[in-house]
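Engineer:
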Amino acid sequence: MSDLKDKNSFEAVIGLEVHVQLQTKSKVFSPDANKFGSEPNQHIHVISLGHPGSMPKLNKKALEYAIEMGLACHSEIGRYNFFDRKNYFYPDLPKGYQVTQDKTPICKGGYVEIGFDTNTPKKIMLHKIHMEEDAGKLMHVDGKDISAVDYNRAGVPLIEIVTDPMITSSQDAGAFLTEIRKMVRFLGISDGHMEEGSLRCDANVSIRKKGVTTLGNKVEVKNLNSIRYVQKAIEVEIERQTNLTLQGKKIISETRLFDPEKNQTYGMRMKEELNDYRYFPEPDLAPFVVDDTMLDDIRKKMAKLPRQYYDDFTQKYGLPAYDALVITEKRDFAHLFEETVAHTTCYKQVSNWLMGPIKSYLKENGTSLRKLSLTGAMLADLVNLVEKGTVSYTVACQNIFPEVIKTGKAPHDIAHDMNLVQESDSDVLMPVIKEVLAQNADKVAMYKSGKKGLLGMFMGEVMKKTNGKADPKLTNQLLVESLA
Amino acid sequence: MKIDKDTLHKLAHLARLELDPSNEKEMLNSLSEILTWVEKLNELDTKDVDPLVSMSYELNAFREDKVTEELPREEGLANAPRHDDKFFIVPKVIE
Chain A
731 MSDLKDKNSF EAVIGLEVHV QLQTKSKVFS PDANKFGSEP NQHIHVISLG
781 HPGSMPKLNK KALEYAIEMG LACHSEIGRY NFFDRKNYFY PDLPKGYQVT
831 QDKTPICKGG YVEIGFDTNT PKKIMLHKIH MEEDAGKLMH VDGKDISAVD
881 YNRAGVPLIE IVTDPMITSS QDAGAFLTEI RKMVRFLGIS DGHMEEGSLR
931 CDANVSIRKK GVTTLGNKVE VKNLNSIRYV QKAIEVEIER QTNLTLQGKK
981 IISETRLFDP EKNQTYGMRM KEELNDYRYF PEPDLAPFVV DDTMLDDIRK
1031 KMAKLPRQYY DDFTQKYGLP AYDALVITEK RDFAHLFEET VAHTTCYKQV
1081 SNWLMGPIKS YLKENGTSLR KLSLTGAMLA DLVNLVEKGT VSYTVACQNI
1131 FPEVIKTGKA PHDIAHDMNL VQESDSDVLM PVIKEVLAQN ADKVAMYKSG
1181 KKGLLGMFMG EVMKKTNGKA DPKLTNQLLV ESLA
Chain B
1311 MKIDKDTLHK LAHLARLELD PSNEKEMLNS LSEILTWVEK LNELDTKDVD
1361 PLVSMSYELN AFREDKVTEE LPREEGLANA PRHDDKFFIV PKVIE
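Sequence order for the protein chains is A and B. As numbered in the working numbering, residues 731 to 1214 make up the first sequence, in order. As numbered in the working numbering, residues 1311 to 1405 make up the second sequence, in order.
(1) Say whether chain C places a C-beta atom closer than 8 Å to the C-beta of A/Asn771.
(2) Using a Cβ-Cβ cut-off of 6 Å (strictly less than) and excluding sequence neighbours within five positions of A/Lys1001, which residues of its own chain qualify?
(3) Inspect the CB distances between the segment 978 to 994 of chain A and the segment 950 to 962 of chain A and report whether three or more fall short of 8 Å.
(4) Measuring alpha carbon to alpha carbon, tell me which of A/Leu788, A/Leu1066, A/Val1125, A/Leu1208 ends up nearest A/Leu1099.
(5) Can you tell me which of A/Val1162, A/Met1193, A/Lys1089 puts its alpha carbon nearest to the alpha carbon of A/Val1125?
(6) Let me know the secondary structure DSSP gives A/Gly745 once reduced to three states.
(7) Taking 8 Å as the CB-CB cut-off, is A/Ala763 touching chain B?
(8) So with CB distances below 8 Å, who are the chain A contacts of B/Ser1365?
(9) Closer than 7 Å, Cβ to any Cβ of chain A: which residues of the segment 1348 to 1377 of chain B, in chain order?
(10) Provide the residue span of the beta strand (DSSP E) that contains A/Val842, from first to last.
(11) Taking contact to mean 3 or more Cβ pairs, one atom from each stretch, closer than 8 Å, check whether the segment 772 to 782 of chain A and the segment 958 to 973 of chain A are in contact.
(12) Would you say A/Ile982 lies against chain B (beta-carbon separation less than 8 Å)?
(13) Would you check if the segment 1017 to 1026 of chain A and the segment 826 to 833 of chain A touch, i.e. whether three or more CB-CB distances between them fall below 8 Å?
(14) Give the straight-line distance between the Cα atoms of A/Gln1045 and A/Ala1054, rounded to the nearest whole angstrom.
(15) Do you know how far the Cα of A/Ala796 is from the Cα of A/Val886?
(16) Can you tell me whether A/Phe916 is helix, strand or coil according to DSSP?
(17) Which word fits A/Asp1108, buried or exposed, when buried means at least 16 other C-beta atoms lie within 10 angstroms of its C-beta?
(18) Taking the beta strand (DSSP E) that A/Arg883 falls in, what are its first and last residues?
(19) Pick helix, strand or coil for A/Gly695, following the three-state DSSP scheme.
(20) Out of A/Leu868, A/Glu909, A/Ser1122, A/Ile859, which one is the CA nearest neighbour of A/Ile891?
(21) What residue range does the beta strand (DSSP E) around A/Arg958 cover?
(22) Can we say the segment 799 to 812 of chain A touches the segment 833 to 853 of chain A, given the rule of at least three CB pairs closer than 8 Å?
(23) Taking only beta-carbon atoms, is B/Ile1344 less than 8 Å away from chain A?
(24) Among A/Pro761, A/Gln772, A/Asp902, A/Ile807, which one has its Cα closest to the Cα of A/Arg1029?
(25) Just to confirm, are A/Pro1231 and A/Thr1058 a CB contact at a threshold of 8 Å?
(26) Taking only three categories from DSSP, how would you classify A/Pro1202?
(27) With 9 Å as the C-beta to C-beta threshold (strictly closer), list the residues of the segment 871 to 903 of chain A near chain B in chain order.
(28) So what does DSSP say about A/Phe689, is it helix, strand or coil?
(29) Taking the Cβ atom as the reference point for each residue, do A/Leu1159 and A/His1142 lie within a distance shorter than 8 Å?
(30) Would you say B/Ile1313 lies against chain A (beta-carbon separation less than 8 Å)?
(31) By the 10 Å Cβ neighbour count, where 16 or more other Cβ atoms means buried, how is A/Asp864 classified, buried or exposed?
(32) For the segment 741 to 754 of chain A against the segment 842 to 852 of chain A, are there 3 or more C-beta pairs whose distance is under 8 Å?
(33) What is the DSSP secondary structure of A/Thr1137, counted as helix, strand or coil?
(34) With 16 as the cutoff for other CB atoms within 10 Å, does A/Asn811 come out buried or exposed?
(35) Which ranges would you report for the alpha helix (DSSP H) in the segment 778 to 834 of chain A if only whole runs of at least 4 residues count?
(36) Can you pull out the residues from the segment 1006 to 1033 of chain A whose beta carbon lies closer than 8 Å to at least one beta carbon of chain B?
Below, the structure is given as structure tokens:
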């Protein structure tokens, strides 16, 4: 019991460093391709290989993407900027240094809001976002005294998003990363695939007694290639540090790796004890100035953010928070919703279609919305057909929707062509009902003596005779009247 | 400016240089001499001078985001001290 109480007297302080690969066509300082999954050393150039005399030049698109992220995070955009060299010898960069921004990060401050669908939204404050180049990949060959190097990734543009040490739980860390991933995907500046390394996260974790304002020794946890692993690693690291402290041991500031299989972190044996990067301004790259015109141009071109869609969907279209959150998980869904509600006012129904039949269709068929020929006008047509009672929801889902996907034809044309339009004319339905009742005189008698459950059976008979096209609501009403 | 042995060793380590112990004294003297000579610059008052970041006065030298040139792998590997048909090969580095 006292053990539990002691554990609860600590709190965690977490800071995240998120690296995002920008999806430009070419690298950040050289004209070779920025492409994942190619044969090794397919995308190389004298600049990315650091050949003497080769002169780097900044990719304008990479800069614009970095600024977009800064604007999305409400950061202050640096006006006068230059790059720095971070000096270290490691074969992942052949130059002997990484080009990064030490003195003048492109974005300062800012925040990302999480939990805005709850009553307790939180702002995760950012320290900075800076630009830098990615390094190559080393492959260690087991049992051999050599490593193989692939420089396809060397020089791929990165932004590093650094939060303030103010995150207090693994859940908040996960929510922050999820939001960052959505943001870069909506902006179209990165594919955000953690398992392919286009989004990478290191977590700085420390603990302290509640009420203490100074920070404890921090441990940097690396090797976290999914949001779930980030959360797990933070949890086990907090647990480890708390136990050590309770045992009266000191926390050593170090870098640890997360082992997802054993669900624990372990210390890296650091070959190099002193990190002395000796930053200095990169003389090969011209300084650059971001002026108001450039900022305005970027603002105008910027895609809408998930948060903006969320606010529109809840406020303008009155969607429940849950719906708005689900639909703004993916950019294509948010786009399609917005496109559809330009043609119909049945907002909630559109949301139901997106979260129900459309989502399950994509899942069952292992496809994505972008690959379907479904337009907003078509989805609105479908929703309106059901709302007007032209077809039943079941028919719309099971018969018309698959046909729309298959043929790309308009839903109302399909309804007519396939003879699926609901029979809502009582002059047509009445003779059928009379026929059914006449054929089942015994059941009618039973119904009248109290077996009201038989109504469903009459309904089924009418449906059979009309090939399922009888308007269920009207038929029900007519049946009850006829049996009275 | 005097340089001590520790600083010399640290510099050698950072530059991945092996120092011959018999040369150490000479290295210390020569480094100190260079630093003393450069120290002369400290006499200048640079209070109102912006730090020099670049050797040219060029600003905003951007390139468009286009893949215009790649080095064929064979050529890229050709200058490496060690390579196979796909990779650059380096002495084993363990993290």
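Ideal Cβ positions, reconstructed from N, Cα and C, are used throughout, including at glycine.
Structural biologist: According to the data block:
(1) The structure shown contains no chain C; the protein chains it does contain are A and B.
(2) Bear in mind that a pLDDT of 49 at A/Lys1001, under 50, signals an unreliable position, so the number given afterwards is only what the model happens to contain. The answer is none, since no qualifying residue turns up.
(3) yes
(4) Ranking A/Leu788, A/Leu1066, A/Val1125, A/Leu1208 by Cα distance to A/Leu1099 puts A/Leu1066 first.
(5) Comparing alpha carbon positions, the residue from A/Val1162, A/Met1193, A/Lys1089 closest to A/Val1125 is A/Met1193.
(6) strand
(7) It does: the Cβ of A/Ala763 has a partner Cβ on chain B nearer than 8 Å.
(8) Correcting the residue identity first, residue 1365 of chain B is Met in this sequence and not Ser. What B/Met1365 touches in chain A: Pro1013.
(9) Val1363, Ser1364, Met1365, Ser1366, Glu1368, Leu1369, Asn1370, Ala1371, Phe1372, Arg1373, Glu1374, Asp1375, Lys1376, Val1377
(10) 841 to 844
(11) no
(12) Not an interface residue.
(13) no
(14) 10 Å
(15) Straight-line Cα distance between these residues: approximately 13 Å.
(16) Residue state, collapsed to three classes: helix.
(17) The displayed chain sequence assigns Met, not Asp, to residue 1108 of chain A. Buried is the call here.
(18) Unbroken run through A/Arg883: none, as it is neither H nor E.
(19) Outside the displayed span of chain A (731 to 1214) sits residue 695 of chain A, for which this structure offers no information.
(20) A/Ile859
(21) Unbroken run through A/Arg958 is the alpha helix (DSSP H), 957 to 976; no beta strand (DSSP E).
(22) The segment 799 to 812 of chain A makes contact with the segment 833 to 853 of chain A: 3 or more CB pairs, one atom from each, lie closer than 8 Å.
(23) no
(24) Minimum Cα distance to A/Arg1029 is reached at A/Ile807.
(25) There is simply no residue 1231 of chain A to check, as chain A begins at 731 and stops at 1214 in what is shown.
(26) helix
(27) Val871, Lys874, Asp875, Ile876, Ser877, Ala878, Val879, Asp880, Tyr881
(28) In the structure displayed, chain A extends from 731 to 1214; residue 689 of chain A sits before or after that span and is not available.
(29) no
(30) No - not a single Cβ of chain A is within 8 Å of the one on B/Ile1313.
(31) buried
(32) No: fewer than three Cβ pairs fall under 8 Å.
(33) helix
(34) Label assigned to A/Asn811: buried.
(35) 790 to 802
(36) Asp1006, Arg1008, Pro1011, Pro1013, Leu1015, Ala1016, Pro1017, Phe1018, Val1019
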